[in-house]
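Just so you know, we're using this note's numbering here: the sequence shown kicks off at 526 and counts up by one.
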Amino acid sequence: MLIDFIQYQLKQFDEMAARIQAVPEDYINFDSVSDFYKAEWLNDFPKGTTWAATGLDDGAEQFYAIIEYRSNFLSISCFEQIEVRYGVHGQ
């Protein structure tokens, strides 16, 4: 039996993205960008996932992050409310 590791990792990314979308308040609670990079749940994404964040430092109350694995992405915006968007680049 062959296992398609890329498909497995895409599924892992999709499942984690769905968990965050379902209850973003459980995941998005940061005082600084540094706190985002220290978040333990980032390790639940598959190996090879990348992320970047901006905002919150220097007194900013806004936050934006992008988490990507291959062409799949999860964007998180915190302005007046939390917005979490999942998608696939090029679709």
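From the three backbone atoms N, C-alpha and C, an ideal C-beta is built for every residue, glycine too.
Return the CA-CA distance between D556 and D539, expressed in angstroms with no decimal places. 26 Å
Quick check on N568: does DSSP put it in helix, strand or coil? helix
With DSSP run on the structure shown, which of helix, strand or coil describes S559? helix
Could you check what DSSP says for R544 in three-state terms: helix, strand or coil? helix
Which same chain residues end up closer than 8 Å to V613 when comparing Cβ atoms and leaving out the 5 residues on each side of it in sequence? S596, N597, F598
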